[in-house]
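Mapped onto the numbering used here, the consecutive letters of the sequence shown carry residue numbers 28 to 208.
Data first, discussion second: the structure below is written as structure tokens.
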Amino acid sequence: MIELDKDINDLKILISEQQIQEKAKELALKIDSVFPQNETVYLICVLKGSVMFFTELSKHIKHNIQMEFIRISSYGHETKSSQNMQAIDLTLPNLNDKNVLIVEDIIDTGLTARFLTDMFKIKHQPKKLIFVSLLNKKCARQIDIEPDLYGFEIDDKFVVGYGLDYKGFFRNLPYIGYFPN
Numbered sequence: 028m029i030e031l032d033k034d035i036n037d038l039k040i041l042i043s044e045q046q047i048q049e050k051a052k053e054l055a056l057k058i059d060s061v062f063p064q065n066e067t068v069y070l071i072c073v074l075k076g077s078v079m080f081f082t083e084l085s086k087h088i089k090h091n092i093q094m095e096f097i098r099i100s101s102y103g104h105e106t107k108s109s110q111n112m113q114a115i116d117l118t119l120p121n122l123n124d125k126n127v128l129i130v131e132d133i134i135d136t137g138l139t140a141r142f143l144t145d146m147f148k149i150k151h152q153p154k155k156l157i158f159v160s161l162l163n164k165k166c167a168r169q170i171d172i173e174p175d176l177y178g179f180e181i182d183d184k185f186v187v188g189y190g191l192d193y194k195g196f197f198r199n200l201p202y203i204g205y206f207p208n
């Protein structure tokens with residue numbers, strides 16, 4: 028059994044559910060303007076963390092979309108990235124010469140983002156590849172990479188909620204919060 032050393036009553040709201048929903052609509056408009064009209068866009072959900080943002084974002088994209096899911100881990104049960112990517116499930120259809128949108132919950136160290144963009148460019152050779160992240164934690168960046176689009180820039184807080192977790196908990200919160208030190 029996982030021992031939970033964080034109490035939900037100590038959680039402070041950083042980004043509200045309404046702010047996230049408004050930002051998802053705004054990002055969907057930008058996404059629709061980036062990809063050619065009348066062409067399918069393959070949305071790639073990076074599980075498990077981005078599932079709620081992925082769902083909210085996809086509701087507002089006007090293009091025909093195909094939804095695909097991959098699973099990668101760099102955290103395990105820690106609050107800091109292990110810096111080792113663990114590919115759990117990368118099963119995807121042939122995406123050569125397709126429009127691809129990778130949807131991620133957070134870019135912090137940049138290692139996962141680099142792993143994913145390199146993998147897609149080399150293995151799949153998409154027609155157009157766009158990387159969108161709900162959160163951008165530039166202060167934690169270890170390599171030079173930026174998302175094409177992002178919702179919110181945050182400072183150095185360990186955040187949970189709206190898909191982001193701590194030891195598998197707090198993903199179901201409808202907002203993004205943090206535990207004060």
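Cβ coordinates follow ideal geometry from the N, Cα and C atoms, glycine included.
Just so we're clear, the structure is a prediction, and the values are computed from it rather than from any experiment.
Tell me, please, which residues DSSP counts as bridged to residue i.
{"i": "Gln93", "result": "Tyr69"}
{"i": "Gly204", "result": "Ile40, Val187"}
{"i": "Glu180", "result": "Asn163"}
{"i": "Val130", "result": "Cys72, Val159"}
{"i": "Phe196", "result": "Tyr193"}
For residue i, count neighbouring Cβ atoms within 10 angstroms of its own Cβ and tell me buried if that reaches 16, exposed if not.
{"i": "Cys166", "result": "exposed"}
{"i": "Phe80", "result": "buried"}
{"i": "Asp132", "result": "buried"}
{"i": "Phe196", "result": "exposed"}
Between the options, which lies nearest to residue i when the distance is taken from Cα to Cα?
{"i": "Leu119", "options": "Leu143, Thr139, Thr136", "result": "Leu143"}
{"i": "Asp175", "options": "Leu128, Glu83, Lys148", "result": "Leu128"}
Given this structure, state the Cα-to-Cα distance separating residue i from residue j, to the nearest angstrom.
{"i": "Tyr193", "j": "Asn163", "result": "18 Å"}
{"i": "His104", "j": "Tyr177", "result": "In this prediction, His104 has a pLDDT of 49, which is less than 50 and means its spatial position is unreliable; what the coordinates show is noted afterwards. About 25 Å."}
{"i": "Leu38", "j": "Asn65", "result": "44 Å"}
Should residue i and residue j be called a contact, given that it needs their Cβ atoms to be closer than 8 Å?
{"i": "Arg168", "j": "Gly137", "result": "yes"}
{"i": "Asp59", "j": "Ile88", "result": "yes"}
{"i": "Ile47", "j": "Glu83", "result": "yes"}
{"i": "Val159", "j": "Leu41", "result": "no"}
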